[in-house]
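A quick write-up on the structure given underneath.
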Amino acid sequence: MTDQAVDARGAIVPGADRPSTATASVFLGRTRELKGLRADIERAGLDTISGRKAPRARVLLIAGRPGSGRTALAEKLVRQIAHRYPDGVLRARLSDPDGTPVPIERAARDLLAALGVPVPPGAAEDELAAALRGALTGRRTVLLLDDAAGAEQVDALLPDNADCLLVAVSRGPLTGIADVRPCTLGGLDTKSGLELLGGRIDPVRITVDPRAAEHLVEVCEGQPAALVLAGGWLAAHPKAAVSDLAKQLHADTEQGGALERVLRLVHAGLPGPVARMLRLLCLAPAGDVDPHTASALAGCSVDAARAQLDDLTALGLLRAVPSPLPCYEVPGCLHPLLTSLAERLDRPAELQLARARMLERTVRLLQSCRAITETDTPEARERLRGVPPAVRFPSPRAAEEWLRARRGALLAAARLAVADGELDTLARRLMSQLVRAMVAHLGTQAAAGDLYGIHRLVLDVAERQHLPREQAAALLNLADLDARTGRTHQALARYRAALDAARAANDPYAAGRAMESVGGAHQELGDFDRAADWFGRALAERLARGEQRDAARLYGRIAGAHTYAGRYGEALRNWRAAVAAHRRSGDVPAHARALSELARVQEYAGRPEECLRTCQEAVEWARRAGDGRLQAALQLRLADTLERLGDPSAAALHRGAAERMLAGPVRPGGGPDADGPTAPAADTSREHRPDTCEIRSASAED
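Residue numbering for the sequence shown is 562 to 1263, as defined by the numbering used here.
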């Protein structure tokens, strides 16, 4: 066995295999391994030997079983060499706690977010990987990829930049990546194992019986994670001799390695409720635990859960994560063992009930997180007062901090709930509330990447459960995000699919919105005839339901499509219909804007006298609406029209009025909406859309 890098005080649970958010610790051993890894950075690669410049970053591999301290060694190496890489360290975990490989798309998106590089929602894996490589061009950065499941994950994230360094942590070799020599970790040597135990318990207990302590290290196979648990058990049993623990472990004849034997012993010695909570923590999404999660899983109070989590942390069974909020994580090496214990000792119905309690608590927290932002009306304030104190946030800032801190766990909860397949109603409620909380606190634009993933999960559930209404809503939301990021063809296909689903659900609202959006996509693609046709279909739906405001807007969209196509006669007819509809509905600002667009098209059509009269009428309506910028734009259009009609003095008066409104000089023909003869009528396509991140589900609760 070789010496091993560990935390002598146990502040870092060896084998937790998580990026280093742990507290400061004492690092033991691994001098030879660290020296070898640092030398490997400088080692000439095959490209250098052949006289070519290395095309990609150097890859260092630290291989070992979970619990061997492989991540602790990687973090120590990174700390030693960080000064040579001034652009920082990027970290990503490439396997979930249950061993499921993390999709490259998710890992690349998280790394780009850490770099502050915006990426469009819904971008494909290849696009994100290419964006990451591009973002790392010209940088000197270290990538620490923890718990890599295979070479394909590492290769996809490997920078095309020899000035970067990639440190991968894995169970075994990464076959397929050239020029990688793994640093393979074994267990602790006896001396290092004794030092580790001495950091967990009174060293006198070791010195009075050194042979028993050495035997304990041997029984634990020198595995750091097993020794940490053994030290935690001894610390909790101050009257027990080290030899007693060694004998109990030696007498365990059940199958399993050293870590599993120690965990069984520690688990058996816990009080019943604490042992049950420990087993149920394997259900925590992404292995991230807070007192609310533990409370819901175990069915106890939040205060009791917090106390039990602290006790489990003292035993080395959990690790406290530095965070503004109480936060813990299940060590990666213990997760499969706890899952096995839960499956053996708890009935499937009990585990499913615990999952349901956890999801229900998460839904209530998300409802409270959103409700704290909605205090404008007496009804909203009354709803907020009805929120139970245990899940109530003291302020919007506290709610946002919780949402940001728990973002990863919340998204993992949604993914696990959908994958489970047996709690779809709760999964739908969870995703609905998660979307609304994110929009309320982070905004649609900032949360677009996460929202895209949630809408895809909603679509999965809707298709599985044959829910066409929810399917239509998810497709509309995804298509809107596709349209906003320039993937118009993909958006068009989804809008058409949403229309089919809306018709199957007999949902006229969703069908009308899908028709209008199909028209908008065709207009974006330059097919103005089809755009006008689809807008007309949507208009018929709105008129049939007596929705005058939406009908007025659609008249304007039809006019806009005709204007793009140069069919000014049709455009004028539809703008007049829009003006009349806005007048009937009493929408003064929309009436003023429609008159402005009517004047614009009259100008394009070569009808200056009509344009002059319409502009004068529009100015009056813009004044009533209090829209000073629109008034200024109309004054400029009046000036341009009067110049064409041969009245420069009147034109100068109107241009002077526009300058005073805009508080600055304006060049002739250059107003806020003076777009020139090829500009289309104003496109209000975005105005009609409900929040693109709202999940319209009949079962979703506010």
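Glycine included, C-beta positions come from ideal geometry on N, C-alpha and C.
As the structure is a computational prediction, the values presented were derived from the model and not from experiment.
With residue i and residue j assumed to form a contact (beta carbons below 8 Å), what rounded beta-carbon distance in angstroms separates them?
i	j	result
residue 774	residue 755	6 Å
residue 891	residue 658	6 Å
residue 1113	residue 1078	At roughly 18 Å, the Cβ-Cβ gap does not stay under 8 Å, so residue 1113 and residue 1078 are not in contact.
residue 1069	residue 1106	6 Å
residue 898	residue 741	At roughly 30 Å, the Cβ-Cβ gap does not stay under 8 Å, so residue 898 and residue 741 are not in contact.
residue 991	residue 920	6 Å
residue 1034	residue 1073	At roughly 13 Å, the Cβ-Cβ gap does not stay under 8 Å, so residue 1034 and residue 1073 are not in contact.
residue 934	residue 957	5 Å
residue 844	residue 858	6 Å
Name the two residues that bound the continuous alpha helix (DSSP H) containing residue i.
i	result
residue 707	Note, residue 707: premise wrong, no alpha helix (DSSP H); beta strand (DSSP E) at 703-709.
residue 1039	1029-1045
residue 957	957-966
residue 736	Note, residue 736: premise wrong, no alpha helix (DSSP H); not H, not E.
residue 1097	1089-1105
residue 1189	1189-1205
residue 1057	1049-1065
residue 1086	Per DSSP, residue 1086 belongs to no alpha helix (DSSP H) and is neither H nor E.
residue 595	592-603
residue 716	712-718
Kindly identify the DSSP beta-bridge partner or partners of residue i.
i	result
residue 949	The partner list for residue 949 (beta bridge, DSSP) is empty, contrary to what the question assumes.
residue 1075	Paired residue(s): none; residue 1075 is not in a bridge.
residue 698	Answer is none; residue 698 lacks a bridge partner.
residue 622	729 and 743
residue 662	656
For residue i, is the classification buried or exposed, using 16 other Cβ atoms within 10 angstroms of its Cβ as the cut-off for buried?
i	result
residue 1199	buried
residue 1038	buried
residue 1015	buried
residue 739	exposed
residue 600	exposed
residue 960	buried
residue 889	buried
residue 1019	buried
residue 784	buried
residue 1201	buried
residue 820	buried
residue 1135	buried
residue 943	exposed
residue 937	exposed
residue 1080	buried
residue 624	buried
residue 1011	buried
residue 814	exposed
residue 769	exposed
residue 1067	exposed
residue 1212	buried
residue 807	buried
residue 896	buried
residue 1210	exposed
residue 1229	Reliability fails at residue 1229, whose pLDDT of 47 lies under 50, so the model's placement of it is uncertain and the value that follows must be treated cautiously. Classification of residue 1229: exposed, given that the 10 Å Cβ count is below 16.
residue 1143	buried
residue 650	buried
residue 1263	Low confidence applies to residue 1263: its pLDDT is 36, below 50, so where it sits in the model is not reliable enough to give any reading.
residue 708	buried
residue 965	exposed
residue 637	buried
Mind checking which residues open and close the beta strand (DSSP E) that includes residue i?
i	result
residue 730	726-731
residue 652	650-654
residue 1119	Residue 1119 -> not in any beta strand (DSSP E); alpha helix (DSSP H) instead, spanning 1109-1126.
residue 1224	Where residue 1224 is concerned, there is no enclosing beta strand (DSSP E), given that its DSSP letter is neither H nor E.
residue 936	It is not in any beta strand (DSSP E) - residue 936 carries neither H nor E in the DSSP assignment.
residue 639	No beta strand (DSSP E) holds residue 639; the alpha helix (DSSP H) holding it covers 631-642.
Ignoring anything shorter than 4 residues or poking outside the region 757-827, list the alpha helix (DSSP H) runs there in chain order. Taking 4 residues as the minimum length, the alpha helix (DSSP H) runs contained wholly in the region 757-827 are 765-768, 771-780, 785-797 and 803-812, in order along the chain.
Every unbroken alpha helix (DSSP H) within the region 832-914, with a cutoff of 4 residues, ordered by chain: Unbroken alpha helix (DSSP H) runs of no fewer than 4 residues, entirely contained in the region 832-914, are found at 833-841, 852-859, 863-875 and 896-906, following chain order.
List in chain order: all unbroken alpha helix (DSSP H) runs of 4+ residues lying wholly within the region 980-1024. Annotation: the region 980-1024 contains the following complete segments of the alpha helix (DSSP H) (minimum length 4 residues), in chain order: 985-1003.
In chain order, which alpha helix (DSSP H) runs of at least 4 residues are fully inside the region 1130-1174? Runs of the alpha helix (DSSP H) spanning 4 or more residues and lying entirely within the region 1130-1174 occur at 1149-1165, in chain order.
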